[in-house]
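**Q**
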C-alpha cells in the first residue's frame, strides 16, 4: 500500500507541476502615426457627396453569380496637398453584402446583387480594404484617383428593385 500511495502522490505532483507550465502567450502592439497640420482638400474642399449613377440594368443580364454590369467611372480628386505627402490610398466603408463581404450591400429591393468598387485598372477593392497608393504630384500638389463601380451578382438569379448603397471613405497618406 505504501508503494501505491507514493506512486499516486508522485503522479499527482507531476500533474500539478505540468499544469502550472501551461500559460497564455503575451504580445505587443505598437501604434504609430503622426499628427499633421493639414491634409489635402478632397474634391475642391466641398462637403458634397459624390453621386455615382449606375443606371438601369436588366435583372436578366446577370445569369450566374459573379456576373457584372458595365462599370461607371468616378474620381476622388485631392488638391492642395502638403509637400510632405507623396501618395494617397482610399479605403471604402459601408455595409458589406451578406453573401459576398467584399461588395457593398444594396438597399431598396433588389436581391442577389451587390456593388463592387475597383480601381481604374479593374482591380477590385473589397469593403474596408485600402486601394493601392496613388502618387501625389509634388508640382500640382494633388492627384486624381480614378475608380469604377458596378453591380456584381451574388446569385444566379437577381431580383429587380432599387439597388442603392452608401459608402464612407477614408484617405490614408504616405
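In our numbering, the protein residues as written are 576 to 749.
Glycine included, each C-beta is placed from N, C-alpha and C at the ideal position.
1. When the cut-off is 9 Å and only beta carbons count, does residue 648 lie next to chain B?
2. Considering only their Cβ atoms, is the gap separating residue 700 from residue 740 smaller than 9 Å?
3. Count the other C-beta atoms from every protein chain shown that fall within 10 angstroms of the C-beta of residue 703, then say buried if there are 16 or more, exposed otherwise.
4. Just reading off the beta strand (DSSP E) that residue 653 is part of, what are its end residues?
5. Per the contact definition of three or more C-beta pairs closer than 8 Å, is the segment 720-736 in contact with the segment 626-643?
6. Buried or exposed: where does residue 668 fall if 16 or more other Cβ atoms within 10 Å of its Cβ makes it buried?
7. Provide the residue span of the beta strand (DSSP E) that contains residue 732, from first to last.
8. Are the segment 617-636 and the segment 711-720 in contact at 8 Å, needing three or more beta carbon pairs?
**A** By the coordinates alone:
1. Checking the listed chains, one finds no chain B in this structure; it contains a single protein chain.
2. Against a cut-off of 9 Å, the Cβ pair of residue 700 and residue 740 comes out as no contact.
3. Exposed, by the Cβ-count rule.
4. Taken as a continuous stretch (DSSP letters only), the beta strand (DSSP E) holding residue 653 covers 647-654.
5. Touching, yes.
6. Under a 10 Å Cβ-count criterion, residue 668 is classified as exposed, with fewer than 16 other Cβ atoms of the shown protein chains found around its own Cβ.
7. It is not in any beta strand (DSSP E) - residue 732 carries neither H nor E in the DSSP assignment.
8. The segment 617-636 vs the segment 711-720: no contact.
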